[in-house]
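There are 2 protein chains.
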Amino acid sequence: MHILIIGAAGMVGRKLTNRLVADAQLGEAPITRLTLHDVIEPARVEASFTMETRASDFSAAGEAKRLLADKPDLIFHLAAIVSGEAEDDFDKGYRINLNGTWSLFEEIRALNRASAGAYKPRVVFTSSTGVFGGPYPPRIMDEFLQAPLTSYGTQKAIGELLLADYTRKGFFDGIGIRLPTICVRPGKPNKAASGFFSSIIREPLAGLEAVLPVSEDVRHWHASPRSAVAFLLHAATINGDAVGPRRTLSMPGVSCTVGEQIEALRNIAGDAVVARIRREPDEKIIRIVDGWPRDFDARRALSLGFKAESNFEDIIRIHIADELRG
Amino acid sequence: MHILIIGAAGMVGRKLTNRLVADAQLGEAPITRLTLHDVIEPARVEASFTMETRASDFSAAGEAKRLLADKPDLIFHLAAIVSGEAEDDFDKGYRINLNGTWSLFEEIRALNRASAGAYKPRVVFTSSTGVFGGPYPPRIMDEFLQAPLTSYGTQKAIGELLLADYTRKGFFDGIGIRLPTICVRPGKPNKAASGFFSSIIREPLAGLEAVLPVSEDVRHWHASPRSAVAFLLHAATINGDAVGPRRTLSMPGVSCTVGEQIEALRNIAGDAVVARIRREPDEKIIRIVDGWPRDFDARRALSLGFKAESNFEDIIRIHIADELRG
């Protein structure tokens, strides 16, 4: 099996790569080749199969054709301009997130037709809870409308629609997954508005101070990086017929308040660690986060076998096990 | 006020034109100029203001720029490849319904930016109940997801998303309206799967036989051509702030079964007219219609002042008044 990961240099792409290298198979199929692509050259990993890395702008003319020339059996499409940048740079967001995705789908369709339907890869597309926009019900059900309030969410919602239509027409076999906020993100604090959800756990555990810019009653929707990889692998192997025509699924996760996050940290690491969290309200972040989904009823995904953590303590334990070597 | 109608040669476009010519104003604003555009030259109508007609493919390179060169104050975007053709000709449907719409929006954005925001027209976009796909709840609420089961529905759903995002960013002021099936359509029977909803009323009233290809318990969602025009005019003048960020609205209509349509015809025209309906089940049409929405709770549109008929007899009476001269 030849696997292509587009957007392989990001945090989720790197963890997915490591997992594929460790497993050396997907379901029953041995992996024979893995192509890692991103706008910057992804890091190479030692593997028991052929591994290649490529760097390019996948939305540029002819790039999709080059990337798909060897007809990968499975394509993970993780590439995106993130929310803040897509909001600031309207053209770039649409060029990468919409035109890039569409040109990728169009090239797969061209190969599908040129092969009289013989080439029909599984395409796993990462979408986002950003496809939703308030006002929300207390829990977002699988039948709640996509009414995004950002350009990023709009572009992801359009990607979902294209994925479903191209799949319905038989050009490829697409599965979209809407990831919760991934927590605890490893690495340094970044400027994403969602960054504090991770940093209030990660920094105190590392002996550093963290800033909490919102109040403790803010509720949000989380899953671990390990779950994100598990979602992708399950989406890669799931029986498409069981999914039906609605090809994108809201993934399961943990809904909890910031206060509950902090109590989970206290239970695991004690008061001294929690004391490293400093309250410093930030009106801009408060306003942004106020527009975000708080809770989902991910019934379809659960019934199709997607699994996440069941509480925030598990999320912290996974961070300690995977990033802090226990 | 300068008004541009794209897709002016279709049935709704022609009725809208006639209404604008008769009113010679929109809200309080006198109409000074009306530009009618379609892929075939729209018929000219005598008017008290400047009237011009243009024929071109609005999705072709440079066409949106030419169409918008004089910066119309109000743009009705009614142009579309219809459902059946978009399903048969995938490329054409996406080229017109998605690329054409997007290039139109992009050109308005370019003019908006070049004028530092001074040019910000109202854009009225006709969408469709085809953005929905089953399984449906008994009535489709305003918060039900868009999960289309046709390429046409996909393209319209994407148009809705773009309309909302470009409006949110302030590039124009868009309102989308999802039209019910327009009934009774004037003219000859056509091959649209929905054609029988009109022909079982229109043909018997004209002394002709009509074919009913589905059973009488099929339920569907209707509004008259007169209501369609009223929806467009209300969308052109409504206060955009009252609409909020969800810019496309499911229009009100009449939900009734084919049996109720026939009883309404009997009440108005008698048994001899109803006897001209011949039952001839058509498995293909039965299957297509089975996937269509049956009933809506168009609460938002109603609260914003959109009005439709309240029963099917009214729909027939409007057909008699407007098409059969009473």
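Top to bottom, those sequences are chains A and B.
The opening position of the first sequence corresponds to residue 399 in this note's numbering, with each subsequent residue numbered one higher.
The opening position of the second sequence corresponds to residue 399 in this note's numbering, with each subsequent residue numbered one higher.
We put the beta carbon where it would ideally sit given N, CA and C, even for glycine.
- When the Cα atoms are used, B/R685 and A/L702 turn out to be separated by approximately 28 Å.
- Interface annotation for the segment 554 to 569 of chain B against chain A: A555, I556, L559, L560, A562, D563, R566 and K567, criterion Cβ-Cβ distance under 8 Å.
- If the five residues before and after A/L424 are omitted, its C-beta is found closer than 8 Å to the C-beta atoms of M399, I401, L418, L472, L631, A634 and T635, all from its own chain and listed in chain order.
- Chain order gives no chain A residues near B/S653, where near means a beta carbon separation below 8 Å; the closest approach is about 20 Å.
- With a threshold of 16 other beta carbon atoms within 10 Å, A/K589 falls short and is exposed.
- For B/K554, the number of other beta carbons within 10 angstroms of its own is at least 16, and it is reported as buried.
- Ranked by Cα distance from A/S549, the options B/T646, B/Y550, B/E707 and B/L560 are led by B/L560.
- In this structure B/L577 touches B/A626 by the C-beta definition: roughly 6 Å separates them, less than 8 Å.
- With 16 or more neighbouring CB atoms inside 10 Å of its own CB, A/L414 falls in the buried class.
- DSSP, reduced to helix, strand and coil, places B/S457 outside both helices and strands of the structure shown, so it counts as coil.
- Taking a beta-carbon distance threshold of 9 Å, B/T635 does not count as an interface residue toward chain A.
- With fewer than 16 neighbouring CB atoms inside 10 Å of its own CB, B/T448 falls in the exposed class.
- Cβ-Cβ separation between B/F710 and B/H620: approximately 7 Å, consistent with a contact (criterion under 8 Å).
- With a threshold of 9 Å between beta carbons, B/L402 makes no contact with chain A.
- In the structure shown, A/A667 adopts helical secondary structure according to DSSP, grouped into three states.
- For A/S622, the number of other beta carbons within 10 angstroms of its own is at least 16, and it is reported as buried.
- DSSP lists no bridge partner for A/P470.
- The CB of A/R644 comes closer than 7 Å to the CB of A545 in chain B, given here in chain order.
- A direct Cα-Cα distance of roughly 32 Å separates A/D487 from A/P519.
- Listed along chain B are E541 and L543, each with a C-beta nearer than 7 Å to that of A/F542.
- Interface with chain B (9 Å Cβ-Cβ cutoff): A/P691 is excluded.
- In this structure, A/S597 sits away from A/T579, with a CB-CB distance that is not shorter than 9 Å.
- Neighbours of A/G531 across chain B, judged by C-beta separation under 7 Å: P643.
- The three-state secondary structure of B/L434, taken from DSSP, is strand.
- In this structure A/P428 is exposed. Its beta-carbon is surrounded by fewer than 16 other beta-carbon atoms within 10 angstroms.
- For the C-beta of A/F488, the chain B residues within less than 7 Å are, from N- to C-terminus, K567.
- In this structure, the beta-carbon distance from B/G528 to B/G551 falls below 9 Å.
- Assignment of beta-bridge partners to A/H717 by DSSP yields no partner.
- In this structure the segment 449 to 463 of chain A lies against the segment 499 to 512 of chain A, because at least three pairs of beta carbons, one per stretch, are closer than 8 Å.
- Within the segment 613 to 640 of chain B, the beta strand (DSSP E) runs of at least 3 residues that lie entirely inside it are, in chain order, 617 to 621.
- Within chain B, L559, L560, A562 and D563 have C-beta atoms less than 8 Å from the C-beta of A/T552, given in sequence order.
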